[in-house]
Amino acid sequence: MIISSSTDYREAARRRLPPFLFHYIDGGAYSEHTMRRNVDDLSDLALRQRVLKGVGDVDISTTLFDEKLAMPVILAPVGLTGMYARRGEVQAARAAEKKGISLTLSTVSVCPIEEVQGAVNRPIWFQLYVLRDRGFMKNALERAWAAGIRKLVFTVDMPVPGARYRDAHSGMSGPNAPFRRILQAMTHPAWAVDVGLLGRPHDLGNVSAYRQQKTNLADYVGWLGENFDPSIAWKDLEWIREFWKGPMIIKGILDPEDAKDAVRFGADGIIVSNHGGRQLDGVLSSARALPAIADAVKSDLTILTDSGIRSGLDVVRMIAQGADGVLIGRAFVYALAAAGQAGVENLLDLFAKEMRVAMTLTGARSIGEISSDSLVRRAL
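FYI, the numbering used here numbers position 175 of the sequence shown as 175, with every residue one higher than the one before it.
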């Protein structure tokens with residue numbers, strides 16, 4: 001199969017993965033309208049082509065939170081990444097480091113903090129959910145800091161799990177789910193051997209380290225349901241802001257007023273995100289939400305965004321809308337599932353090439369020169 005884009009990696013991942021895993025990463029909440037809008041609204045943003053601008057060499061590097069990056073892209077936190085390739089979080093972190101960027105490790109990763117950070121020299125980022133068990137949160141923060149991690153991504157748009165209809169149909173959840181998953185693994189032998197057999201242990205590494213007992217896939221949904229906290233408010237995060245001495249980035253902002261609250265709270269950055277369309281269906285796409293948020297708080301903190309980004313062109317579009325950088329989730333997991341570390345490295349090379357082409361043909365020599373003038377219209 002010829003690989004020339006993240007779309008090709010998605011098809012390769014679909015062929016290799018048991019359906020329950022493919023649809024878990026590929027699906028969204030409810031009828032998946034927001035998930036589709038994330039991609040479609042970005043595609044509708046027309047880049048403003050300019051010619052004979054003497055662009056010359058294009059510099060796609062940037063700095064976020066005092067960290068030099070080869071391009072304004074971070075690998076997003078994705079739960080269960082270690083089920084998509086053998087010790088998947090480690091492979092993804094190594095790919096990111098090789099290409100001069102960072103991985104954000106999910107709270108519910110298969111590989112624990114110490115294993116992933118110990119596999120690379122570049123400090124990774126760490127993502128934490130708002131959970132009822134404050135002891136777990138404190139333990140995770142302490143372990144992350146001890147491992148050398150300094151960037152904390154705090155996810156606030158998941159006080160309750162979204163309704164993801166695909167999971168019940170695919171075997172991730174629903175009646176006879178464990179039996180269905182075993183049957184699916186048997187019909188996907190390449191994955192079954194490489195990940196199912198050789199990629200063990202299959203548990204939530206960070207949760208198991210705290211509980212001192214294995215927390216496997218069968219426990220995953222139940223544990224999340226028991227521990228998400230819908231009563232959380234900004235005041236409940238104050239102890240984390242006091243405890244964590246590094247940059248703190250709030251993930252899950254879609255409204256300018258919430259962005260202003262993040263400034264008042266003392267956040268160093270925000271991530272404009274609808275969780276990839278996996279939480280509340282029918283909300284704005286990140287591309288539509290971003291401009292108003294950038295207008296409200298651009299001068300006060302660093303603005304990142306995710307959801308729907310499938311190419312280097314999309315990175316340029318998001319920066320033109322007011323972002324300082326982006327996170328990619330599904331795109332890198334497709335590549336990881338299809339070809340492991342090498343797949344993620346190649347995907348990042350594709351993103352970099354696409355960014356350079358887009359910047360050259362819009363007259364931007366550096367990330368700082370990408371602006372609303374890079375678009376035919378500023379916002380959707």
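Where a beta carbon is used, it is the ideal one built from N, C-alpha and C, also for glycine.
Nearest candidate by alpha-carbon position, reference residue i, set the options
i	options	result
D133	V207, A146, A96 and S311	V207
D157	S231, L21, N346 and V39	S231
V108	F265, M83 and T63	M83
A144	N216, Y165 and A209	A209
V73	T81, T62 and G56	T62
V297	L284, R310, D258 and D306	D258
V272	I303, D66, G282 and K260	I303
N139	V120, K251 and E114	E114
A331	P123, A13 and M1	A13
A320	A177, S374, R36 and G28	S374
R166	R50, E32 and G269	E32
L327	P256, D255, D194 and L69	L69
V51	A358, G27 and A119	A358
I309	M355, I293, A292 and E97	M355
V283	N38, S371 and L183	N38
D255	W223, L224, D295 and V110	D295
T205	T7, Q117 and I3	Reading off the sequence shown, one finds Gly at residue 205, where the question assumed Thr. Checked all of T7, Q117 and I3; the closest Cα to G205 is Q117.
L224	L128, E97, G363 and A364	L128
V78	E97, V110 and T7	V110
I182	P18, R211 and S286	P18
D44	G222, P178, S286 and Y30	S286
D66	M1, S366 and P123	P123
Limits of the unbroken alpha helix (DSSP H) element including residue i
i	result
Y334	R330 to T360
L375	No alpha helix (DSSP H) contains L375, which DSSP labels as neither H nor E.
L183	A177 to M186
I74	Not the alpha helix (DSSP H): I74 falls in the beta strand (DSSP E), residues V73 to L75.
K98	G88 to K98
Proximity below 9 Å, CB of residue i to CB of residue j
i	j	result
L361	L47	yes
I149	L105	yes
I240	L301	no
D229	V130	yes
L336	G325	no
M248	A233	no
D306	G329	yes
L141	F265	no
L75	A92	yes
G28	R36	yes
S5	L350	yes
K251	I270	yes
N227	F136	yes
S372	A364	no
A146	V120	no
Rounded straight-line distance, which links the Cα of residue j to that of residue i
i	j	result
L103	N346	16 Å
Y24	P112	21 Å
V58	Q213	50 Å
G322	L42	13 Å
E369	G56	14 Å
G340	T155	26 Å
Y9	A338	6 Å
A379	D203	Because A379 carries a pLDDT of 47, less than 50, the predicted location of this residue cannot be relied on, and the following value inherits that uncertainty. Between A379 and D203, the C-alpha separation is close to 43 Å.
K99	R16	25 Å
L80	R94	17 Å
L194	R200	Here the sequence assigns Asp to residue 194, which means Leu is not the residue at that position. The straight-line gap from Cα to Cα measures roughly 10 Å.
I101	K53	29 Å
A262	D236	13 Å
L198	W191	10 Å
D40	R317	12 Å
M71	W125	16 Å
A292	S299	13 Å
G312	K353	7 Å
A168	I3	31 Å
V376	Y334	31 Å
L176	K260	It is Asn, not Leu, that sits at residue 176 in the sequence shown. Approximately 46 Å between the Cα atoms of the pair.
E11	G196	20 Å
Heavy atom of the ligand FAD within 8 Å of residue i beta-carbon
i	result
W239	Among the components modelled here there is no ligand, and therefore nothing to report on the ligand FAD.
Residue range of the beta strand (DSSP E) that includes residue i
i	result
L141	It is not in any beta strand (DSSP E) - L141 instead sits in the alpha helix (DSSP H) that spans R134 to A146.
E257	It is not in any beta strand (DSSP E) - E257 instead sits in the alpha helix (DSSP H) that spans P256 to F265.
W125	W125 to Y129
K151	K151 to T155
G269	G269 to V272
K251	M248 to I253
E369	E369 -> no beta strand (DSSP E), and no H or E assigned at all.
I303	T302 to T305
L280	L280 -> no beta strand (DSSP E), and no H or E assigned at all.
Is it true that the segment 162-170 meets the segment 276-287, where meeting means three or more beta-carbon pairs spaced less than 8 Å apart? yes
Per the contact definition of three or more C-beta pairs closer than 8 Å, is the segment 14-34 in contact with the segment 172-187? yes
Pairing CB atoms from the segment 79-95 with CB atoms from the segment 179-190, are three or more of them under 8 Å? no
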